[in-house]
Each structure stands twice: as structure tokens, then as C-alpha cells.
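Chemist:
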Amino acid sequence: MALDHAKLVRSLRLAYSAERAASFAYQGHAGSLRDPEEKARVKQIEEDEWDHRRAVGEIMEEYGVPVSAYLEGKYWLIGRMIGLSCYVIGRFMPYFFAGKLESGNVCEYFKMMHYFHALGIEKHDEILYEMGIKEKEHEVYFLRMVENERWFPLFERIFSWGVNHRVNDVDLENVLPLEGSKAYCQSDAGAKKDAT
Ligand SMILES: [Fe+2]
Ligand SMILES: [Fe+2]
2 MALDHAKLVR
12 SLRLAYSAER
22 AASFAYQGHA
32 GSLRDPEEKA
42 RVKQIEEDEW
52 DHRRAVGEIM
62 EEYGVPVSAY
72 LEGKYWLIGR
82 MIGLSCYVIG
92 RFMPYFFAGK
102 LESGNVCEYF
112 KMMHYFHALG
122 IEKHDEILYE
132 MGIKEKEHEV
142 YFLRMVENER
152 WFPLFERIFS
162 WGVNHRVNDV
172 DLENVLPLEG
182 SKAYCQSDAG
192 AKKDAT
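Each residue of the sequence shown is one higher than the one before, counting from 2 in my numbering.
Next comes the structure, spelled out in C-alpha cells:
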């Protein structure tokens, strides 16, 4: 069965390639950290992103969605460059920008769920839900690592992400169950309504 949903096909192909970019970036990030505990946590996050790529790849295979050679190349380069840059930009920025990136990823999987629902397909709900929540966990972890740093308030203001700038409507303290999660990420405006 082919997926008759251009936005869904685009999101799947993009996520597949971008997840590898994230893994590469976290390889560099983990390598640049000194604290063994922090290193191990970022390594674990890298593994999560490989799992995501595998899961997205399986869905694409099921529907015969081809991997984009262009996106693979583009995101290979982006991932490698970010990974390398972690060795030279200090401790704060890799955490901050990883958190900001993750904040944008959260809704990607919930939106895919909505797109599948528009086609009457619900069997991927669980894996998409798990991945969306996992991205939120990554976002919150990165936020916690830098929120008390001197530079944080300035970066939060400039890049519109942080303690007071929420860019998705998932709250880890109060996670909706799978059945209720259809409410997440229904619109960009909705996702940003808490932003201050
Ligand atoms: Fe991911
Ligand atoms: Fe992530």
C-alpha cells in the first residue's frame, strides 16, 4: 500500500535522514564532554536516535517510501559538522542547541501520527508516541544541563527556547496517555500558545 499523503512521506524521509545527523552530532557531543556520567547520558541519547532511524526506516519500507539520497547526503554532512564543532565551541552551546533542536523534534512524531490518522491508519500510534515522548525527554535533559548557566537567559531570549519559551505542548510532568495524545501538536499556533 502506497502512502497517499505528501506531507507524511516528506516527514518520514526527513526524519530518517535527520535522525542519523542527530546521532553523529551526539557522537561528537559525547566525545567532547569530560564528565563520565554526562558522556554516558549523551551516548544513550545517540542510541535512542539510532533506534528512531531504524523505526522510521521500517515504516518507510512497509509502504515502499524510498530513502532520499539528497537528504541522506545533506544530513550526513550536517551531522558530521555539528559533531566536530562540539570539540571547539565549549560545553554550553552543544547542550543549548541540542535542546532547542529536540524541542522542535517532539511534534514531528505526533504530527506523523495525525497524518496517518487522516489515512485511517492507527497501527503506528504506539511507536510514534514513544518517539515523540523520547524527544521530549531529550529536550528536558538538555535544558536541565544548562538552565542555570550564566549565558542561558541571553540565549533563551535570542533563540526563543528555554525555561519560559516552550515550543511544543508536551509536558513531561503531566504526560497524556497514548489515547489522549491526539491532542498534542495539533497546530503550530497551539504548540506555541504557552510561549511567553
Ligand atoms: Fe530522535
Ligand atoms: Fe532526540
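Note that beta-carbon positions come from the ideal geometry of N, C-alpha and C, so glycine has one too. Here the structure is a predicted model, which means the values were calculated and not measured.
Quick check: Lys-137 and Val-107, are their CB atoms within less than 7 Å of each other?
Modeler: Their beta carbons are under 7 Å apart, which means Lys-137 touches Val-107 by this criterion.
Chemist: Taking only three categories from DSSP, how would you classify Glu-140?
Modeler: Here Glu-140 sits in helix by DSSP.
Chemist: Take the Cβ of Ala-3 as the centre, count every other Cβ of all protein chains shown within 10 Å, and call the residue buried at 16 or more, exposed below.
Modeler: So Ala-3 counts as exposed.
Chemist: Using only the alpha-carbon positions, how far apart do Gly-191 and Arg-81 sit?
Modeler: Unreliable placement is indicated for Gly-191, whose pLDDT of 41 sits below 50; no coordinate value is reported for it.
Chemist: Regarding His-30 and ligand 1, is the C-beta to nearest heavy atom distance less than 6 Å?
Modeler: Checking the Cβ of His-30 against ligand 1 gives no.
Chemist: Locate the alpha helix (DSSP H) running through Tyr-17, then write down its first and last residues.
Modeler: Unbroken alpha helix (DSSP H) run through Tyr-17: 7 to 33.
Chemist: With a CB to CB cut of under 7 Å and the five nearest residues on each side skipped, what residues in its chain are close to Val-57?
Modeler: Contacts found: Leu-13, Ala-16, Tyr-17 and Glu-20.
Chemist: If you measure between the beta carbons of Gly-84 and Phe-143, is that distance less than 7 Å?
Modeler: Going by C-beta atoms, Gly-84 is not nearer than 7 Å to Phe-143.
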